[in-house]
Every structure is written in C-alpha cells, then in structure tokens.
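There are 2 protein chains.
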Amino acid sequence: MPSPKRTAILDAAEDLFRTHGFGAVGIQRVLDHAGVARRTLYLHFPSKDDLVVTVLERMDHTWREHTTARVEQAANTPRGRLTAIFAALRDDIDRPDFYGCMFARAAAEYGVTSAATAHPALAAAVAHQAWIRAWLTRLGKAAGAAQPETLALQLGTLFDGAMTCAQVKRHPQALNAAIHAAEMLIDAAIDHAAQR
Amino acid sequence: MPSPKRTAILDAAEDLFRTHGFGAVGIQRVLDHAGVARRTLYLHFPSKDDLVVTVLERMDHTWREHTTARVEQAANTPRGRLTAIFAALRDDIDRPDFYGCMFARAAAEYGVTSAATAHPALAAAVAHQAWIRAWLTRLGKAAGAAQPETLALQLGTLFDGAMTCAQVKRHPQALNAAIHAAEMLIDAAIDHAAQR
DNA sequence: CTTGAAATATACCGATCGGTCTACTTGTTA
DNA sequence: TAACAAGTAGACCGATCGGTATATTTCAAG
Chain A
197 MPSPKRTAIL DAAEDLFRTH GFGAVGIQRV LDHAGVARRT LYLHFPSKDD
247 LVVTVLERMD HTWREHTTAR VEQAANTPRG RLTAIFAALR DDIDRPDFYG
297 CMFARAAAEY GVTSAATAHP ALAAAVAHQA WIRAWLTRLG KAAGAAQPET
347 LALQLGTLFD GAMTCAQVKR HPQALNAAIH AAEMLIDAAI DHAAQR
Chain B
197 MPSPKRTAIL DAAEDLFRTH GFGAVGIQRV LDHAGVARRT LYLHFPSKDD
247 LVVTVLERMD HTWREHTTAR VEQAANTPRG RLTAIFAALR DDIDRPDFYG
297 CMFARAAAEY GVTSAATAHP ALAAAVAHQA WIRAWLTRLG KAAGAAQPET
347 LALQLGTLFD GAMTCAQVKR HPQALNAAIH AAEMLIDAAI DHAAQR
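Chains as they are written, first to last, in our numbering: chain A, 197 to 392; chain B, 197 to 392.
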C-alpha cells in the first residue's frame, strides 16, 4: 500500500529529474510540481539524496517490467528477443520525452566524487547496467552463442552508446546502423558456435 | 598569447569539472584551486556558463590534437587507424583519472532543459560528436568501406557506449569485446565492398 | 466523542550560489 | 616619474539551497 502522497512526490521528482537533471532541481520545485507540503516530503524521504535513489530504483524496476514484457511479446526465440531489445530501444529513443539514459546521467552527476564516498545513486546505475548485461547473457546463451558473455558486453555497449548518442544529438540513421551492427554481432556469435 | 591567469583558471576548472561535475563545482572552488582572485575570473569570463563552454571547447581541441597524433603514429593505413582509435580509447579509459566522456556528461547536465533555450555547452558536445563521426567517415571511406557513413555511425556508437559503460562501472573485458566488435564491423564493411 | 496519525502552510536556519563592487597593490611601459 | 592595465582581497548583493521547527487542520478508527 504505497501512500498516494509518496507516489505523487516520486512522480513529480521523476518528471523533473528527467527534464532538468538531478542537481538542477531543488526540493521546492518538486513540492510545487507534486502539490505537496515540504514537511510531507521529509516525512517520506530522509533527504534529497534518498529521494533521488528511490526515483532511480523505481525507474529501474518499471523499466525492467515494461521492457521484458515488450520483448517477450515481440518474439518467442532467444535470437528474436535479442534484436527485439533494440526495437524496444528505438521506441524509447523515438519518444519526444526521451532525455537519455537516466542511469548514465546519474552516474555523470554523482558517480565521480570518490570511490570511498560513492553516492548510492551510482549503485543504482551499476545495478541497472548489471541487470541488462545479465539479461543479454541469458538470451545469448539460450540462442546458442559461442561466448554469450562477450556478446552481452558487445550488445550492452551498443545499447548504451545508442542512448548516449541520441542524448547528445538525435541522428535519424544512427539507431538503424546500431541495430544492423547488433544483428551482425549476434549472427557471428551464433554462427561461430554452430561451425565448431 | 593566452594570459597565464586565464590558463590557470581553465586548468583548475577542467580538473574540478572532471572530478566532480559541472554543477557541483562552485566558482569559489575554482578560485581556490586556481589561486586566483574572484575579480580576475570575471575579468576573463563573463559567467560560469561561459567558463564551462570554454573548458569544453578547449577539451575538444586538445582531444582532437592528442588523439589524431596518437592514431596517425600508431598506424599508416586507414584500416589500421580505425582500430587504432579504439586502442587510444583504451588508453584513455584505463587511466585512473578517467571519469567518463565530459561531453556526454555536459549533455546530461545541460542538454535537457528545452530545445529553445539550448545551453551552449550542448553545442560543444554536438560539435565534438560530429567531428568524431566525420573523422570515422573519412577513414572508413579511405579504407574502402561500402557504406562509410553507416560504419561511422556504428563505430561511433560503440565508442560512446564504451565510455558510458566504463563511467558507470569498469568491466575488465568490456573494452576488449567492444574492440573485437569494431573489428568485425570494419571487416564486414570492407569485405562487402570488395565482393561487389 | 476522542484520540492520533497524516498532511497542511509557513517561518526559519546556516550555507552556498553566481555575480558585482570598492579599494589597494603590483609591474610594465611610455 | 607618471600613467595604465592586471591582479588581489574581501565585503556585499539577492536568491536559492537542503533541512528543521512550530502550529494548525483534516479525517478516519476506536
């Protein structure tokens, strides 16, 4: 039973963080956008840092659910699902409210202070990245790739690169090229396994 | 004849922006680190935004010089230079003071306000990305790739992806896999041209 | 009807933000 | 030596920052 106020705060914060970044959005801005009193926010979240982390964790969770659902619905074979991940990526990037990978952006703002005083937001980004990599590895293994871990690293790099490129400047053909590259890498990994 | 004080300010700002991000570093911090008076900074730069942009433009300039020199020294053929770019990327990422692509980080902080009020720092990031893409296209064309523009988009995506991945969390094998992928894409692009 | 938790509005805290201003000290050059 | 540009230290500006405190209201459960 999540409190409705708490949800409203998270919704507002997510919206503002997405469109303006984490550090650029002050608490007051979140309060106004959520229509909630200052006291209420600090009743649900001990600090802004905690709010940021909670937003990221919720984004990670919803992204996993949403994306796995789309991919599993789009294709039945592991091979088909690997490429379907990039089709889902296209849907995300083509949306007008795409502002880049929020986990990479969080790492850009919080991930570079010091190894000892690592910000928890960075941990969320690391977890997100690790989950995607594990998912790709699982699918690659099921598809019969010779080296599923290597394939997962390659596809994951293409995935992150496509988001970063689109965040800086959208290029109409960039994602097509990336998808084509992904298919070549997948085919090569599977063919290499078949011919041994 | 660049003023030594101005250079000291840019050096300090670049160092701090790299290790802590743009928004997280205040003017006072730059002054202390540069050993320069407040008045002096505002004598050389009209605003912090302007300082940020100038730092990015200088980083872009030095990166181009440094990287082209390394690549041209490492290989003589266009094909060899394409892969040498990724070898140079490895050198950058392996450095202990690697904190991710500063242009992607700038885009993460400044690039998402509004299309109308686009921050000039985003323009610097766009220019950086476009230059790399043009360089890759030039090399791809010289190497005899069937579709040099497409190859450049693919390699550029891999390039950005490798930096983003390493920024979130360094993975010992990620760059090896990316380089291997790059070589496969290059070979495929050239072979496809040769057999027609 | 009462109790108590949840939410409200708002004042307040010290600190920091980017940026301006004044007054003084250099060092070089005419 | 006089003039001048460049730099210094530091006070100061209004605004905003994240976070706390106080006092009041709302409303459902016992």
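Where is the CB? At the ideal position from N, CA and C, for every residue including glycine.
Bear in mind that the values here come from a model prediction, so they are computed numbers and not experimental data.
{"Check": "Spatially closest choice to Ala323 (chain A) from B:Val364, B:Met380, B:Arg234, by CA coordinates", "Outcome": "B:Val364"}
{"Check": "When A:Ala314, A:Asp288, A:Asp211, A:Thr236 are compared against Pro200 (chain A), the one with the closest alpha-carbon", "Outcome": "A:Thr236"}
{"Check": "Beta-carbon proximity check, Gly357 (chain B) vs Pro344 (chain B), cutoff 8 Å", "Outcome": "no"}
{"Check": "Counted within 10 angstroms of its Cβ, other Cβ atoms place Arg291 (chain B) as buried (16 or more) or exposed", "Outcome": "exposed"}
{"Check": "Cβ pair count under 8 Å reaching 3, the stretch 302-321 of chain B against the stretch 217-229 of chain B", "Outcome": "yes"}
{"Check": "Cutoff 8 Å: His367 (chain A) Cβ touching any chain B Cβ", "Outcome": "yes"}
{"Check": "C-beta neighbour in chain A for Val248 (chain B), strict 8 Å", "Outcome": "no"}
{"Check": "Range covered by the alpha helix (DSSP H) that runs through Asp256 (chain B)", "Outcome": "244-270"}
{"Check": "Under the three-state DSSP convention, the category His388 (chain A) falls into", "Outcome": "helix"}
{"Check": "Cβ neighbour criterion (16 or more within 10 Å) applied to Ala330 (chain A)", "Outcome": "exposed"}
{"Check": "Contacts of Gln350 (chain A) in chain B (Cβ-Cβ under 7 Å)", "Outcome": "Ala373, Ala374, Ala377"}
{"Check": "Same chain, Cβ closer than 6 Å to Pro316 (chain B), neighbours up to 5 away in sequence not counted", "Outcome": "Val249"}
{"Check": "Minimum C-alpha distance to Leu349 (chain A) - residue among B:Arg366, B:Ala209, B:Phe294, B:Gly222", "Outcome": "B:Arg366"}
{"Check": "Residues near Phe213 (chain B) by beta carbon distance below 8 Å, same chain, minus five either side", "Outcome": "Val221, Val248, Val251, Met298"}
{"Check": "Within-8 Å CB hit, Glu305 (chain B) to chain A", "Outcome": "yes"}
{"Check": "is_contact[His216 (chain B), chain A] using C-beta, thresh 8 Å", "Outcome": "yes"}
{"Check": "Three-state secondary structure assigned by DSSP to Pro368 (chain A)", "Outcome": "coil"}
{"Check": "Start and end residues, alpha helix (DSSP H) containing Gly336 (chain B)", "Outcome": "316-338"}
{"Check": "Short CB-CB distance (under 8 Å) between Met255 (chain B) and chain A", "Outcome": "no"}
{"Check": "Heavy atom of the ligand NAP within 7 Å of Gly222 (chain B) beta-carbon", "Outcome": "Questions concerning the ligand NAP fall outside what the structure shown contains, since it holds no ligand whatsoever."}
{"Check": "Of the listed residues A:Ala326, A:Asp256, A:Thr279, A:His257, nearest to Val267 (chain A) (C-alpha basis)", "Outcome": "A:Thr279"}
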